[in-house]
Amino acid sequence: MTVAFICILSHLFQTNWTLNARLNLLLDGYAFAHLEPVDKIKEFPTPAPIEFSSFLVYDGNKYVGYLNTSGNFVSISENNPEKIGLVSHQQVIKVVVLFYLQWICLVFSVMIGVWMFWLGWKDGLNSKAQHVH
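Okay, so the sequence shown: first residue is -15 according to this note's numbering, each after it adds one.
Written out as structure tokens, the structure reads:
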């Protein structure tokens, strides 16, 4: 049951934008940050995002960065035109870990399923053998 939960959670973190964004904020230390939708902003703080962004991220009243359209957190210290399109080392590790975790859970679940099928089939053979004698 735990394996299935981890497998589902891993899949959700990869496919759900909100969960992915919140995981990125958690990994950067802004788990309880306030998100402000870009379409409701009248004036952008400085430095303004340099790429398409979905939310501005505030830690209390302090502007700390933004979430781009992929849900990746970009800190104001990383807000550099030369870094557009570059993926941080932390984001690469997160994607690789979630990807392999999902496949490990899938393989483990299949192995448990085959084992349970084998036990059931073996018990069925034993009960048939008892009926014959």
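All residues carry an ideal CB built from backbone N, CA and C; glycine is no exception.
Quick check on residue i: buried or exposed, where buried means 16 or more other Cβ atoms within 10 Å of its Cβ?
{"i": "Lys78", "result": "buried"}
{"i": "Pro31", "result": "exposed"}
{"i": "Phe(-3)", "result": "buried"}
{"i": "Ala(-12)", "result": "exposed"}
{"i": "Tyr84", "result": "exposed"}
{"i": "Asn45", "result": "exposed"}
{"i": "Ala15", "result": "exposed"}
Should residue i and residue j be called a contact, given that it needs their Cβ atoms to be closer than 8 Å?
{"i": "Asn8", "j": "Asn56", "result": "yes"}
{"i": "His(-5)", "j": "Gln86", "result": "yes"}
{"i": "Leu40", "j": "Val58", "result": "no"}
{"i": "Ile25", "j": "Cys89", "result": "no"}
So what does DSSP say about residue i, is it helix, strand or coil?
{"i": "Ser125", "result": "Residue 125 is absent from the structure shown; the chain starts at -15 and stops at 117."}
{"i": "Asn52", "result": "strand"}
{"i": "Phe57", "result": "strand"}
{"i": "Tyr84", "result": "helix"}
{"i": "Thr(-14)", "result": "helix"}
{"i": "Ala5", "result": "helix"}
{"i": "Lys106", "result": "helix"}
Using C-beta distances below 6 Å, list every residue in its chain close to residue i, excluding the 5 sequence neighbours before and after it, in chain order.
{"i": "Thr53", "result": "Phe36, Ser38"}
{"i": "Phe92", "result": "Val(-13)"}
With which residues is residue i paired in a DSSP beta bridge?
{"i": "Tyr47", "result": "Tyr42"}
{"i": "Leu19", "result": "Val41"}
I'd like the list of long-range same chain contacts for residue i, defined as Cβ closer than 7 Å, with 5 residues on each side in sequence excluded.
{"i": "Tyr42", "result": "Ala17, His18, Glu20, Val48"}
{"i": "Tyr50", "result": "Pro33, Ser37, Phe39, Leu40, Val41, Val58"}
{"i": "Leu3", "result": "Leu(-4), Phe(-3)"}
For chain D, is any of its Cβ atoms less than 8 Å away from the one on residue i?
{"i": "Cys89", "result": "You won't find chain D in this structure, because it holds only one protein chain."}
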